Amino acid sequence: MRSGPDSVAIAVVTIFPQLVNAVSEVGVTGRAVDNSVLKLSCVNPRDHTSDPNRRVDDRPYGGGPGMVMQAPPLAGAIAEAEKVNGQVTGAAPLVIYLSPQGEKLDHSLVLELSGYSNLVLVAGRYEGVDERVIEALVDREVSIGDYVLSGGELAAMVVIDAVARQLPGVLGHGDSAAQDSFAGQGVLDCPHYTRPETYQDMSVPEVLTSGDHQAIARWRRQQALGRTWQRRRELLEEGGLSKEDKRLLQQYLDAQN
Ligand code: ADE
């Protein structure tokens, strides 16, 4: 049973609110916003600068290429984001800075973050943000993978989507999130099929049209285990398999040879 909050307020600090706000308009996250399970807002650091041209970046001390986001506009925007979220939830905020230097996002971190009802996500641009903002105002630094994006917005959107799908009522089926790849079982998802039954001479696996629900569940588990073994073996080594899983996996591997 899930014990986290029923809704989450997420405020994103970004100079591109139009990009982040797109998650409110479509799909699962859009529905979560419509149902007030996800309260999404954006705060623009450009609204918190005294510069007449609304600049929020400057040259790096010590020289070198690129620009750095300045502390004062970011600090002002983070304070505003905390205030906005504070109006919808009494909970204390968790402030996350998205960057390639952060801890890598995975399913267990998503579950941990979905335990908070007040998240402030700080999306940087340029070469990064003044380190003193991170030191003084950021609780956690999160990366979505070992590659560099042009800014933290897409990473923030990944966090928003992954967290929102954990909230009750956001997905169509109550237990869909629990059945997601990685959820609990630490294995990849099984293959899925829908009509037509034959497509380009490829038929749907017979068991799926058999009506035998136990056999279908067994087949799905076996496929999930087999694919995990072939594609991400380290996941199985981390988790440890039950006797029945070992038997299903062995049968899968035997059938491949
Ligand atoms: N900003 C730029 N690259 C990023 C990454 N890989 N993860 C999170 N934020 C980022």
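Here my numbering runs 15 ahead of the position in the sequence shown, where the first position is 1. The beta-carbon is built from N, C-alpha and C at its ideal position, and this holds for glycine as well. Computed from a predicted structure; not experimentally measured.
Check: Within 10 Å of its beta-carbon, does E140 have 16 or more other beta-carbons around it, so buried, or fewer, so exposed?; Outcome: The question names Glu, yet the displayed sequence has Arg at residue 140. Buried: at least 16 other Cβ atoms inside 10 Å.
Check: Considering only the beta carbon of each residue, do V23 and S158 sit closer than 8 Å?; Outcome: no
Check: Can you tell me whether V71 is buried or exposed? The criterion is at least 16 other CB atoms within 10 Å of its CB, across all chains shown.; Outcome: buried
Check: Can you tell me the Cα-Cα spacing of L55 and D269, whole angstroms?; Outcome: 50 Å
Check: In chain order, what residues of the same chain lie with their CB nearer than 7 Å to the CB of R235, ignoring the 5 residues before and after it?; Outcome: C205
Check: Say the cut is 7 Å; is the CB of G81 nearer than that to a heavy atom of ligand 1?; Outcome: no
Check: What do you get for H63, buried or exposed, if any count of 16 or more other CB atoms within 10 angstroms of its CB means buried?; Outcome: buried
Check: Per the DSSP calculation, E118 is bridged to which residue(s)?; Outcome: V157
Check: Between R69 and chain B, is any beta-carbon pair separated by less than 8 Å?; Outcome: In the displayed structure, chain B is absent; only one protein chain is listed.
Check: Rounded to the nearest angstrom, what separates V137 and G42 at their Cα positions?; Outcome: 23 Å
Check: Can you tell me whether A177 sits near ligand 1, meaning its C-beta is under 7 Å from at least one heavy atom of the ligand?; Outcome: no
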